[in-house]
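Protein chains in written order, with our numbering: chain A, 764 to 1037; chain B, 351 to 625.
C-beta: ideal position from N, C-alpha, C; glycine also.
Values in this document were obtained by computation on a predicted structure and should not be read as measured data.
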Amino acid sequence: MNNKNKYAIEVELVSFSYGQRNVLEDIQLKIPQGSFLGLMGPNGSGKSTLIKCILGLHKPNKGTIKLFGEDVNKFDRWSEVGFVSQKANSFNSGFPATVFEVVSMGLFGKIGLFRFLTRKHKDKVIDAIRQVGMEDYLRQNIGELSGGQQQRVFIARALVSDPKLLILDEPTVGVDAKSVQNFYTMLKKLNVERNMTLVLVTHDIGAMTEYITDVACLNKCLHFHGGTKEFEEKQDDMISSMYGHDVRIITHNHDHDHDHAHDHDNLKGSTHHD
Amino acid sequence: MISVFFEYSFLTYSLYTAIMVGLIAPLLGVFLVVRRLSLISDALSHITLSGIAFSLLLGKHFILFANLNPIYMGMIFSVGGAIFIERLRNVYRYYKELAIPIILSAGIGIGVVFISLADGFNTDLFSYLFGSVVVIRYSDFQLISVITILVLILFFLFYKEWFYLSFDEDQATVSGIPKKILHFIFIVMVALVIAASMRIVGILLVSSLMTLPVAAAMRWAKGFKQMFFYAIIFGELSVIIGLVSSFHLDLFPGGTIVLLNVLILLFSILLTNKR
């Protein structure tokens, strides 16, 4: 592996603001290929915004972002990047589409314009659905499934194009605890067996330290980036520095992290440190 | 009952035209409804009205325009309105739906001014408002055939992209689908279909042909492909039965077609409620 491609994601001094309000300031973050990064931070800390910048959906005011060594504005191998967004935000649950149809969307970018789904593609779709254990629901409308099942379908959609990098923005919001554990196990398997780089945005880093390899803590600026062990040692200092004061919150309050929610006095971040 | 439509060539044309409209209006309507843009068809049909009125006004004053089929001017206005809507949706990024009432009222406003300048309503205008069985000319039939073929080709070419964009715009963009150009093609298609459908259903009711069959289809369909299947069946049923019955009962076809659509929708809701 040459030096240029050592990193899946390189974020260089990136700043971003919505109008007057700065959301990200001078973020510097390099994510090596093959790592499993947990990106944490309180509500309104800019996690989702950073993800949107990395995916090229937002243009940073300052700084550059590279994917696999290539500037994000010029990057065109998008089928190598899988993205699973916050379910509640981007998905209309009444949409009349079957599980098969939803997962096949994951191939559309790769197939390209003016070409159609072939038998081989269909087999891949079914394969991906099998990987997440949803093969019994192929012809079911996505709206009829439970939250956890829907999320598995979206993972299958991200997996079907064989991405090298998978980005998940709070994928477990609204999913019950047992499914969450299975879900993390499945991700870990992808990370280890396929050497897939994973970035998972979460409130709840405590529940997943055993799965991830690295941690990054974000609240406007990057407060920490390092291995999971190092994070566990420094955890207490870091969290109080990041949240601005000493907080001990052990509740599981899964509020949706809208970029606009920006309430420092009323933190709802659920952070485990027992 | 339907046999009379094959005895006179002008009736045959209107029947064929209706069948094409019953196919393409619900076809694009499916995408409009799932993207929560069904009101756009209302806005565009009203701006089509101002184009028709403009053409009638020009025809009064300039001999050159007197023989021009007003549907062309309607199409130009409709496509122009569609482009404006896309622009306005970017101007009001957080209130995207505002674009629709803006274009809708502008369309009516301009239309009313042109109509009064052209000395008010006449029967010709009424046929544009509520549709007509007897006014379909061979040139209408030709034009609508071209639009139908174009819509069908683009539908098959871009089905998967439009499907993905409708389901999840962010994800579709990330996967490299050219969002802007595809939205543009789509909205221009909608504008053309509205202008094409208006001869049969009438401007004021054209949007119902794009949305009501889709609303009924939603009750039955398993999956996205089936949406088209049901929407087109319901669209064709209402258009064909509506057109034939309006001829025999001497009513505007727009009214009978929409009423049939409402009936189909009511039955769909009642019959699927138990499930």
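Item                                                                                                                                                                                         : Value
Using the Cβ count rule (16 or more neighbours within 10 Å means buried), how would you classify M351 of chain B?                                                                            : exposed
Looking at chain A, is there any beta carbon in it that lies within less than 8 Å of the beta carbon of D520 of chain B?                                                                     : yes
Check the C-beta distance from A571 of chain B over to F584 of chain B and give it rounded, since I have them as a contact under 8 Å.                                                        : So it is not a contact: roughly 11 Å between Cβ atoms.
Do A468 of chain B and K410 of chain B have their C-beta atoms closer together than 8 Å?                                                                                                     : yes
Rounded C-beta distance between I295 of chain B and L438 of chain B? I'm assuming under 8 Å.                                                                                                 : Because chain B is modelled from 351 through 625, residue 295 of chain B falls outside the range shown and cannot be assessed.
Quick one: residues in its chain with C-beta nearer than 6 Å to the C-beta of I790 of chain A, no 5 flanking neighbours on either side, listed in chain order?                               : V774, V777 and L985
Roughly how many angstroms lie between the CA atoms of Q913 of chain A and E519 of chain B, to the nearest whole one?                                                                        : 18 Å
Cβ of F536 of chain B less than 8 Å from any chain A Cβ?                                                                                                                                     : no
With DSSP as the reference, identify every bridge partner of N833 of chain A, one or two as the case may be.                                                                                 : Before going further, note that residue 833 of chain A is Glu rather than Asn in the sequence given. In the DSSP output, where bridge partners are listed per residue, E833 of chain A has A:L830.
Unbroken beta strand (DSSP E) runs of length 3 or more, entirely within the stretch 797-824 of chain A: which are they?                                                                      : 799-803
Is it true that the stretch 854-861 of chain A meets the stretch 926-936 of chain A, where meeting means three or more beta-carbon pairs spaced less than 8 Å apart?                         : no
Apart from the five residues on each side of it in sequence, which residues of its chain come closer than 8 Å, Cβ to Cβ, to K815 of chain A?                                                 : H821
Thinking C-beta only, is M370 of chain B closer than 8 Å to S495 of chain B?                                                                                                                 : yes
Taking N785 of chain A as part of the beta strand (DSSP E), name the residues at either end of that continuous run.                                                                          : R784 to P795
Is the Cβ of S848 of chain A closer than 8 Å to any Cβ of chain B?                                                                                                                           : yes
Within the 8 Å Cβ cut-off, does A970 of chain A reach chain B?                                                                                                                               : no
Which of helix, strand or coil does DSSP assign to V938 of chain A?                                                                                                                          : coil
Identify which residue in B:S359, B:A546, B:A416 and B:L599 has its Cα closest to the Cα of G372 of chain B.                                                                                 : B:A546
Kindly list the residues whose CB is nearer than 8 Å to the CB of L953 of chain A, restricted to its own chain and excluding five residues on each side of it in sequence; keep chain order. : L922, L929, M959 and L961
Could you tell me whether the stretch 887-901 of chain A touches the stretch 795-809 of chain A, where touching means 3 or more Cβ pairs closer than 8 Å?                                    : no
In terms of alpha-carbon separation, which member of B:S482, B:T498, B:F415 and B:L507 lies closest to F602 of chain B?                                                                      : B:S482
Given that L507 of chain B touches chain A, what residues does it touch there, using C-beta distances under 9 Å?                                                                             : L876 and F877
Does the beta carbon of V1010 of chain A sit closer than 8 Å to a beta carbon anywhere in chain B?                                                                                           : At V1010 of chain A, the pLDDT of 49 sits below 50, so the modelled position is not reliable and the matter cannot be decided from this model.
Could you give the distance in angstroms between the alpha-carbon of H966 of chain A and the alpha-carbon of I553 of chain B?                                                                : 52 Å
DSSP three-state call for T1014 of chain A: helix, strand or coil?                                                                                                                           : Confidence at T1014 of chain A is low in this model, with a pLDDT of 43, below 50, so the placement of that residue is unreliable and no value is reported for it.
Would you verify that the beta carbon of G573 of chain B is, or is not, closer than 8 Å to some beta carbon of chain A?                                                                      : yes
Along the beta strand (DSSP E) that carries I397 of chain B, what are the first and last residues, could you check?                                                                          : That residue, I397 of chain B, is in no beta strand (DSSP E); its alpha helix (DSSP H) goes S388 to H411.
Is the distance from the Cβ of V978 of chain A to the Cβ of I968 of chain A below 8 Å?                                                                                                       : yes
Does the separation of the CB atoms of I402 of chain B and Y478 of chain B fall below 8 Å?                                                                                                   : yes
Relative to the C-alpha of L621 of chain B, which candidate in B:G605, B:R569, B:F574 and B:V589 has its C-alpha closest?                                                                    : B:R569
Could you tell me which of A:R784, A:L870, A:F779 and A:Q783 sits nearest to A522 of chain B, measuring between CA atoms?                                                                    : A:L870
Under DSSP, the alpha helix (DSSP H) around L621 of chain B begins and ends at which residues?                                                                                               : P603 to T622
In the DSSP assignment, the alpha helix (DSSP H) including E447 of chain B goes from what residue to what residue?                                                                           : Premise fails: E447 of chain B is in no alpha helix (DSSP H) and is neither H nor E.
Taking CB distances under 8 Å as the criterion, tell me whether V524 of chain B reaches chain A.                                                                                             : yes
Please classify N440 of chain B as buried or exposed, where buried requires at least 16 neighbouring CB atoms within 10 angstroms.                                                           : exposed
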